[in-house]
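Under our numbering, think of the first position of the sequence shown as 13, with each following residue one higher. All C-beta atoms in this analysis are idealised placements derived from N, C-alpha and C, irrespective of residue type, glycine included. Written below as structure tokens is the structure these notes are about.
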Amino acid sequence: MKSETGASNHGARTAEFERDLAELRPSALIEKYRSEHNSHRAMKRRCVDGNMTLAAEWTDFRSFLFDMGPKPDGEFTIDRVNSNIRRYGPGLCRWADKKTQSQNRSNTIWVEVDGVSITAADLARLAGKSPSTVYSALASRHTPA
13 MKSETGASNH
23 GARTAEFERD
33 LAELRPSALI
43 EKYRSEHNSH
53 RAMKRRCVDG
63 NMTLAAEWTD
73 FRSFLFDMGP
83 KPDGEFTIDR
93 VNSNIRRYGP
103 GLCRWADKKT
113 QSQNRSNTIW
123 VEVDGVSITA
133 ADLARLAGKS
143 PSTVYSALAS
153 RHTPA
């Protein structure tokens, strides 16, 4: 299910999905869940490149798909819940949209406005200012809006 943050711990786990996991041959599973397989392959490539580590159980696509579930939407990709943990594995990842992923970077600047935390980029948008104006104001400790 997609949350209001644009992230999903698991896609919709239907009876059909559960049956697919139990019964489909590996090639048929890959064909039916092509988009999820592409994300799995890209994740493994990042680990081979040395940028990340991968839990042993996720080297197998079926195990990965079992833990993650299907994507809630084709635009979602795998996202590490805590961007400071450079590992992919069960409980560490979710399906997320681009906005959620951009807010989950270690260099994202968060500000509190009226008791609500928002990104500096969202503050700029709400205030009708350029992001660079807001970032400069924050760096010089001025009120950005």
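Proximal residues to G86 (C-beta, below 7 Å), its chain only, five neighbours per side dropped: On the sequence shown, residue 86 is found 74 positions in, with the first residue counted as 1. Same-chain partners within the cutoff: S47.
Three-state class that DSSP yields for S95 in the structure shown: By 1-based counting over the sequence shown, the position of residue 95 is 83. Coil, per DSSP.
Backbone CA spacing between K4 and A108 [nearest angstrom]: The structure shown does not extend to residue 4, since the chain is modelled only from 13 through 157, so no value can be given for it.
Option nearest S51 by Cα separation, candidates L33, S144, Y100 and E35: What you label residue 51 is simply residue 39 of the sequence shown in a count that begins at 1. That would be Y100, whose Cα lies nearest to the Cα of S51.
Buried versus exposed, by CB contacts within 10 Å (16 or more), P163: No answer is possible for residue 163: it lies beyond the span of the chain, which begins at 13 and ends at 157.
Cβ neighbours of E16 in the same chain (closer than 7 Å, five flanking residues each side left out): By one-based count along the sequence shown, residue 16 stands at place 4. Reliability of the predicted coordinates at E16 is poor, the pLDDT of 47 falling under 50, and the value obtained from them is presented with this limitation in mind. For E16, where only same-chain residues beyond five positions count, there are no Cβ hits under 7 Å.
Q115 versus I130, L104 and C105, residue with shortest Cα-Cα distance: Mapped onto the sequence shown, residue 115 falls at position 103. For Q115, the nearest C-alpha among the options comes from I130.
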